[in-house]
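Below is one structure; the comments refer to it alone.
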Amino acid sequence: MSKFDHRSNGRSRTKPFAIPLVVLCLVLLFSWAQAEGPGKYVGQETCLECHDTVAEVAFEFTAHGMSDISGWDGAAGCESCHGPGEAHSDSGGEIELILSVTRLEPEAVSKMCLSCHEGDVAAHWQSGSHDAFDATCVDCHTVHEKRTMASSAVNKNTSETCLSCHMDMRKHLYQRSRHPLKEGLMSCVSCHDPHGSPAIASISAITPNDKCYQCHAEQRGPFLFPHQPVAEDCTTCHNPHGSNQASMLEPAPPRLCQSCHLFGHHQTVPGTPRQAWNVNRSCVNCHSRIHGSNHPSGVMFMR
Ligand code: HEC
Ligand code: HEC
Ligand code: HEC
Ligand code: HEC
Ligand code: HEC
Ligand code: HEC
Ligand code: HEC
Ligand code: HEC
Ligand code: HEC
Ligand code: HEC
Numbered sequence: 008m009s010k011f012d013h014r015s016n017g018r019s020r021t022k023p024f025a026i027p028l029v030v031l032c033l034v035l036l037f038s039w040a041q042a043e044g045p046g047k048y049v050g051q052e053t054c055l056e057c058h059d060t061v062a063e064v065a066f067e068f069t070a071h072g073m074s075d076i077s078g079w080d081g082a083a084g085c086e087s088c089h090g091p092g093e094a095h096s097d098s099g100g101e102i103e104l105i106l107s108v109t110r111l112e113p114e115a116v117s118k119m120c121l122s123c124h125e126g127d128v129a130a131h132w133q134s135g136s137h138d139a140f141d142a143t144c145v146d147c148h149t150v151h152e153k154r155t156m157a158s159s160a161v162n163k164n165t166s167e168t169c170l171s172c173h174m175d176m177r178k179h180l181y182q183r184s185r186h187p188l189k190e191g192l193m194s195c196v197s198c199h200d201p202h203g204s205p206a207i208a209s210i211s212a213i214t215p216n217d218k219c220y221q222c223h224a225e226q227r228g229p230f231l232f233p234h235q236p237v238a239e240d241c242t243t244c245h246n247p248h249g250s251n252q253a254s255m256l257e258p259a260p261p262r263l264c265q266s267c268h269l270f271g272h273h274q275t276v277p278g279t280p281r282q283a284w285n286v287n288r289s290c291v292n293c294h295s296r297i298h299g300s301n302h303p304s305g306v307m308f309m310r
């Protein structure tokens with residue numbers, strides 16, 4: 008409310024200046040339009056007469072090329088993103104006379120794309136890290152060129168697109184235990200929404216656990232004897248990107264288990280080598296139903 012008051016006060020204070028200001032703007036706009044305005048729409052055929060390289064990369068087979076996109080004032084084709092191109096065409100290609108996306112600020116690029124993509128990707132875009140760190144739509148999408156079948160506008164292979172910036176994640180592709188990203192059976196967007204999401208780390212589900220349950224329903228329970236940290240957060244014990252321990256555990260048992268269970272009915276600190284605590288699957292040698300048990304005597308997760 009107070010913000011509203013402040014704004015309306017501000018407005019009434021500037022009122023005496025408003026009319027000259029509007030006139031000034033109109034004059035400026037008029038003279039700009041006269042002197043170097045972009046002119047009218049000329050249609051995609053005209054653009055392609057000079058920009059045959061865009062035709063060569065098969066623009067007509069991209070989602071934009073194939074659909075009847077229409078932008079400002081019902082412009083079609085190239086001009087629905089680049090604006091009216093009459094002056095640019097007549098001048099033989101003066102770059103100042105066309106909306107050049109390459110020269111726009113990152114925010115303006117995304118804004119241009121979102122003017123049509125309100126419905127599908129805009130919802131959480133501004134809350135995501137990509138917008139916050141000035142990554143734009145065209146860092147991941149090629150608009151003129153169809154490169155992949157699945158989502159025609161994404162660069163190369165989806166995970167490779169992500170790894171071009173998230174280089175620290177590449178090591179996970181080669182670890183002992185990991186999701187099948189390298190094989191292309193899954194990709195980063197199996198778990199993340201690159202356009203932002205309401206969950207942490209832009210996970211494309213309400214919580215990370217809900218994401219895991221989509222494919223690992225058997226760990227969801229309900230169990231007669233649940234292991235408390237499981238329902239809380241799978242990533243307490245697993246690194247979803249991969250690890251060098253079996254089952255993507257991090258750190259390896261027994262250390263993982265000891266981080267919460269140090270003293271109990273039996274010692275959990277490994278002593279001499281080849282004890283049951285630290286050989287093979289370690290604690291899980293005995294506590295094998297570690298996510299929870301439905302056995303009447305499963306209270307210790309052993310059956
Ligand atoms: C008469 C030939 C001609 C026509 C017609 C033409 N262009 Fe161009 N255009 C050029 C030339 C030449 C350049 C400068 C290329 C360069 O500098 O690499 C250019 C550059 C551009 C650029 C890049 C600006 C930049 O900052 O690098 C865009 C975008 C563009 N044109 C879009 C269009 C669109 C959209 C149309 C149709 C409305 C169109 N052009 C019609 C010749 C033409
Ligand atoms: C969906 C929006 C969109 C449409 C439709 C579109 N462009 Fe572009 N254009 C872009 C973007 C975004 C860039 C900047 C590319 C980048 O940064 O990678 C661009 C860049 C360009 C450039 C500059 C050279 C370059 O690649 O950076 C030219 C020339 C161009 N477009 C011409 C065209 C022509 C001709 C058409 C129609 C056949 C067309 N564009 C259709 C969005 C579009
Ligand atoms: C003038 C309106 C318009 C603008 C501006 C626009 N798009 Fe689109 N876009 C469309 C339409 C229409 C489709 C096709 C939707 C469909 O098939 O459901 C589409 C489809 C897409 C797709 C899906 C491709 C696929 O193969 O499924 C991507 C990705 C995309 N646009 C990215 C962008 C990016 C990035 C920009 C900015 C450079 C942009 N769009 C600007 C209208 C637009
Ligand atoms: C960090 C990389 C990245 C950025 C940045 C990005 N996208 Fe995407 N986008 C993708 C990937 C990957 C897909 C494919 C998603 C899939 O296969 O489920 C996609 C899919 C799409 C689709 C297809 C429809 C859908 O929801 O799956 C549209 C439309 C789209 N993006 C538009 C945009 C627009 C507009 C922007 C900028 C505001 C943008 N994207 C920014 C990576 C990105
Ligand atoms: C142009 C570079 C770039 C590309 C390409 C890119 N990212 Fe990012 N991403 C960033 C930056 C910068 C951040 C913010 C800093 C950070 O967390 O490292 C970020 C953050 C993230 C985060 C943390 C999100 C959060 O909200 O905490 C996730 C998850 C992510 N990116 C996933 C992806 C996925 C999936 C792809 C591929 C579809 C992708 N990124 C492609 C630059 C990129
Ligand atoms: C199996 C699901 C899954 C896949 C596949 C996946 N992630 Fe993640 N990612 C997560 C979860 C869950 C988190 C949150 C981790 C946490 O809370 O410790 C996360 C966190 C992140 C973060 C932010 C925190 C950090 O560790 O820096 C980035 C960046 C990220 N992922 C990038 C990627 C990239 C890039 C890919 C593809 C190479 C990818 N992820 C594939 C589930 C996944
Ligand atoms: C899109 C489906 C999908 C999602 C989402 C998913 N997974 Fe997986 N997960 C798989 C597949 C497929 C395998 C089997 C990989 C194999 O056998 O190579 C697997 C295997 C695993 C394994 C065993 C790895 C091994 O080496 O035995 C663990 C642990 C795991 N996932 C944890 C998680 C966690 C934690 C999450 C949530 C952050 C998650 N997964 C989300 C599909 C998924
Ligand atoms: C308290 C630590 C812990 C938590 C939390 C946890 N896990 Fe596990 N998980 C393990 C251990 C230990 C193994 C290895 C079991 C074995 O070797 O028998 C494992 C194995 C797995 C496997 C591969 C073997 C199998 O049983 O299919 C999958 C898949 C898996 N976990 C998914 C999940 C999911 C999904 C969640 C979250 C709902 C989760 N885990 C939470 C400790 C945990
Ligand atoms: C993040 C902390 C955490 C980690 C890591 C963890 N646990 Fe637990 N565990 C708990 C909690 C909390 C309980 C419930 C304790 C209670 O009810 O008194 C529990 C219960 C148990 C119980 C049943 C004990 C009882 O009194 O009901 C066993 C057995 C057990 N955990 C074994 C393991 C093993 C084996 C590992 C390693 C694979 C492990 N835990 C990792 C927190 C953890
Ligand atoms: C050789 C089989 C075996 C191995 C290996 C084993 N346990 Fe146990 N654990 C048991 C048995 C049997 C009980 C039940 C003891 C009782 O009820 O007095 C138990 C009970 C527990 C309990 C619950 C009782 C309490 O003290 O609160 C926890 C927690 C536990 N184990 C953790 C671990 C951890 C952590 C490891 C790995 C370092 C581990 N166990 C390895 C057999 C094993």
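All the letters of the sequence shown, read from the start, carry residue numbers 8 to 310 under the working numbering.
Glycine included, C-beta positions come from ideal geometry on N, C-alpha and C.
All of these numbers come straight from a predicted model, not from anything done at the bench.
{"Query": "Would you list the residues sitting across from ILE210 in a DSSP beta bridge?", "Result": "HIS199"}
{"Query": "List in chain order the residues whose CB is within less than 6 Å of at least one heavy atom of ligand 1.", "Result": "VAL49, THR53, CYS54, GLU56, CYS57, HIS58, CYS85, GLU86, HIS89, GLY92, HIS95, SER96, GLY99, GLY100, ILE102, ILE105, SER107, THR109 and ARG110"}
{"Query": "Please return the same chain residues whose Cβ sits closer than 8 Å to the Cβ of SER117, not counting the five positions on each side in sequence.", "Result": "TRP132, ASP138, THR143 and CYS144"}
{"Query": "Using the Cβ count rule (16 or more neighbours within 10 Å means buried), how would you classify LEU231?", "Result": "exposed"}
{"Query": "Closer than 5 Å is what we want: which residues have a beta carbon that near any heavy atom of ligand 8? List them in chain order.", "Result": "CYS219, HIS223, GLN226, PRO236, VAL237, CYS241, THR243, CYS244, SER254, ARG288, VAL291 and ILE297"}
{"Query": "Nearest to SER136 by CA position, among SER204, CYS54 and PHE308, is which residue?", "Result": "SER204"}
{"Query": "Who are the near neighbours of ASN292 in its chain, counting only those whose CB is closer than 7 Å to its CB and skipping five residues on each side?", "Result": "ALA283"}
{"Query": "Here's the rule: buried if 16 or more other CB atoms are within 10 angstroms of the residue's CB, otherwise exposed. What is MET255?", "Result": "buried"}
{"Query": "Only counting the same chain, and skipping five residues up and downstream in sequence, which positions put a Cβ closer than 6 Å to that of SER209?", "Result": "GLY135, HIS199, ASP200 and GLY203"}
{"Query": "Name the residue from GLU101, ARG183, PRO215 and ASN285 whose alpha carbon lies nearest to the alpha carbon of CYS57.", "Result": "GLU101"}
{"Query": "Taking only beta-carbon positions, decide if SER304 is within less than 8 Å of chain C.", "Result": "In the displayed structure, chain C is absent; only one protein chain is listed."}
{"Query": "Spell out a yes or no on whether the stretch 172-183 and the stretch 251-267 are touching, meaning 3 or more CB-CB pairs, one atom from each, closer than 8 Å.", "Result": "yes"}
{"Query": "Less than 7 Å between the CB of ILE213 and some heavy atom of ligand 6, yes or no?", "Result": "no"}
{"Query": "Taking 7 Å as the cut-off, is the CB of VAL128 close to at least one heavy atom of ligand 4?", "Result": "yes"}
{"Query": "Are MET176 and HIS223 closer than 8 Å when you measure CB to CB?", "Result": "no"}
{"Query": "Just to confirm my understanding: we take ALA94, look at its own chain, exclude 5 residues before and 5 after, and list those with CB closer than 6 Å. What are they?", "Result": "PRO45, GLY46 and LEU104"}
{"Query": "CA-CA distance, ASP217 and GLU239?", "Result": "11 Å"}
{"Query": "Tell me which residue opens and which closes the alpha helix (DSSP H) that TYR220 is part of.", "Result": "215-222"}
{"Query": "Within its chain, find whatever has a CB closer than 8 Å to the CB of GLN51; leave out the 5 residues flanking it on each side and keep chain order.", "Result": "ALA83, GLY84, CYS85 and GLU86"}
{"Query": "What does the Cβ neighbour count give for PRO260, buried or exposed, with the cut at 16 atoms within 10 Å?", "Result": "buried"}
{"Query": "Excluding the 5 residues preceding and the 5 following THR165 in the sequence, name in chain order all residues of the same chain whose CB lies nearer than 7 Å to its CB.", "Result": "SER194, CYS195 and VAL196"}
{"Query": "Are there 16 or more other CB atoms within 10 angstroms of the CB of SER107, so buried, or fewer, so exposed?", "Result": "exposed"}
{"Query": "Within a Cβ cutoff of 6 Å, which residues of the same chain sit near GLY228, ignoring the five residues on either side of it in sequence?", "Result": "GLY299"}
{"Query": "Assign LEU256 to one of three DSSP states: helix, strand, or coil.", "Result": "strand"}
{"Query": "Take VAL150 and list the residues in its own chain whose beta-carbon comes closer than 8 Å to its own, dropping the five residues that flank it on each side.", "Result": "THR69, HIS71, CYS88 and ALA160"}
{"Query": "Take SER289 and list the residues in its own chain whose beta-carbon comes closer than 6 Å to its own, dropping the five residues that flank it on each side.", "Result": "PRO260 and PRO261"}
{"Query": "Is ILE297 closer than 8 Å to HIS234 when the C-beta atoms are compared?", "Result": "yes"}
{"Query": "Using the C-alpha atoms, what's the distance from ASP127 back to CYS241?", "Result": "29 Å"}
{"Query": "Taking only three categories from DSSP, how would you classify HIS272?", "Result": "coil"}
{"Query": "Could you tell me which residues DSSP pairs with GLY46 in its beta bridges?", "Result": "Its beta-bridge partners do not exist; DSSP assigns none."}
{"Query": "Going by beta-carbon coordinates alone, are ALA115 and LEU121 separated by less than 8 Å?", "Result": "no"}
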